Amino acid sequence: MTSRNNLNVKKKVNIDNINYQILENYMYKKILITGISGLVGNVLHKGLSKEFYITGVDANSFLDAPTLVADSTNIISIEKAYENVDLVIDLASVPSQFSPWNVIYDNNILCTYNSLELARSHGVKRYIYASSNHVTGMYELDTPYSDIISGNYSNVKSYSRITTDMPIRPDGYYGVGKSFGESLGRFYSEEYNMSIMCLRIGTVNAEDKPLNIRQFATLLTHSDLVKLVKSSINASEDIRFGIYYGVSNNKWRIWDISNSQEEIGYDPSDNAELYRGK
10 MTSRNNLNVK KKVNIDNINY QILENYMYKK ILITGISGLV GNVLHKGLSK
60 EFYITGVDAN SFLDAPTLVA DSTNIISIEK AYENVDLVID LASVPSQFSP
110 WNVIYDNNIL CTYNSLELAR SHGVKRYIYA SSNHVTGMYE LDTPYSDIIS
160 GNYSNVKSYS RITTDMPIRP DGYYGVGKSF GESLGRFYSE EYNMSIMCLR
210 IGTVNAEDKP LNIRQFATLL THSDLVKLVK SSINASEDIR FGIYYGVSNN
260 KWRIWDISNS QEEIGYDPSD NAELYRGK
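Sequence positions in the sequence shown follow this note's numbering and run 10 to 287.
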């Protein structure tokens, strides 16, 4: 990360594509996406920008939306991005699940705290935190999940999916960092009455399809990712805190999404099986 602090204005943002009639129907009209230049940020910008006014903050430039180029580990350098924002989608982190502790500690944990604190101090109404399936990744060592992710489906007769009320079992320091973010979100929700939504995101890749056997269970397609986030944006104001798995409607998914369906109306339409054998 760098400590640059410049407003990215290299490309004029076309706001003509924003449907203002639709915009007026939404409670949250101006959305800040941290880490907007990454894969998930790009997908969300593309999927949300016609319905919401999107801004970003990122260590790297992003030309498709007004973006503050700054280091999220420096709370002073990113504060301006949180002015007059209705909702924050927090993606800022080092994304590798194999990152060592010092990288997670110096970057992900600090970025999450800085973003939540700035959202609180600027009166942000709702905060969507990009958590991860790696918060519970160690369950994949247990049967039947180990059989499912390795493609040994014949060994699986029936099974219960992993729910959000089961104990966390991080599979690395990355998952530990994400579980910290969920815990911090819970604290900010109860201490400051913020509405915090934590999304345990499955596998999102640039190819938008399974790239190995595990991903037939864990895939979250781009379109279902956008659906998940839109559902979180539009969920009832009464929800002050929630944790939700983000995965497509895959035949062999190992995570339970019943609370995502019941509480926020998430309705995934894609199934990784469509790519089986292709």
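Yeah, the Cβ is synthetic: ideal placement off N, Cα and C, and Gly gets one too.
As the structure is a computational prediction, the values presented were derived from the model and not from experiment.
Host alpha helix (DSSP H) of residue i (start-end)
i	result
residue 115	That residue, residue 115, is in no alpha helix (DSSP H); it is neither H nor E in DSSP.
residue 184	182–201
residue 240	231–243
residue 48	48–57
residue 155	154–158
residue 70	Per DSSP, residue 70 belongs to no alpha helix (DSSP H) and is neither H nor E.
residue 84	84–87
Counted within 10 angstroms of its Cβ, other Cβ atoms place residue i as buried (16 or more) or exposed
i	result
residue 118	buried
residue 246	exposed
residue 157	buried
residue 85	exposed
residue 191	buried
residue 11	Because residue 11 sits at a pLDDT of 34, beneath the cut-off of 50, its placement in the model cannot be relied upon, and the point is left open.
residue 19	Confidence in residue 19 is poor, its pLDDT being 36 and thus under 50, which makes the residue's placement unreliable; the coordinate value appears in the next sentence. With fewer than 16 other Cβ atoms within 10 Å, it is exposed.
residue 123	buried
residue 164	exposed
residue 285	exposed
residue 53	buried
residue 193	buried
residue 179	buried
residue 80	buried
residue 116	buried
residue 233	buried
residue 46	buried
residue 146	buried
residue 150	exposed
residue 152	exposed
residue 287	exposed
Bounding residues of the beta strand (DSSP E) (the contiguous stretch that carries residue i)
i	result
residue 65	62–67
residue 252	250–255
residue 77	76–78
Beta-ladder partner(s) of residue i, from DSSP
i	result
residue 99	43, 138
residue 228	212
residue 205	136, 250
residue 171	264
Nearest-angstrom beta carbon gap, residue j and residue i [assumed within contact, 8 angstroms]
i	j	result
residue 279	residue 270	Contact flag wrong, Cβ pair sits at about 15 angstroms.
residue 244	residue 282	The pair is not a contact, with the Cβ atoms about 29 angstroms apart (cut-off 8 angstroms).
residue 113	residue 66	20 angstroms between Cβ atoms; not a contact.
residue 58	residue 68	The Cβ separation is near 21 angstroms, so there is no contact.
residue 87	residue 77	7 angstroms
residue 162	residue 154	That pair is no contact at about 12 angstroms.
residue 44	residue 102	7 angstroms
Top-ranked residue by Cα proximity to residue i, from the options
i	options	result
residue 240	262, 208, 227	208
residue 250	153, 147, 54, 173	173
residue 224	236, 211, 233	211
residue 171	120, 113, 262, 52	262
residue 130	93, 222, 140	93
residue 160	55, 40, 81, 221	221
residue 98	258, 106, 49, 70	49
residue 228	238, 236, 213	213
residue 144	257, 128, 96, 252	252
residue 40	122, 137, 266, 182	137
residue 217	38, 51, 44, 163	51
residue 100	125, 111, 89	125
residue 167	285, 260, 274	260
residue 142	206, 205, 255	255
residue 91	63, 140, 111	63
residue 61	235, 105, 258, 257	235
residue 264	181, 189, 177	177
residue 135	267, 105, 238	238
residue 42	287, 266, 242	242
residue 105	183, 89, 132	183
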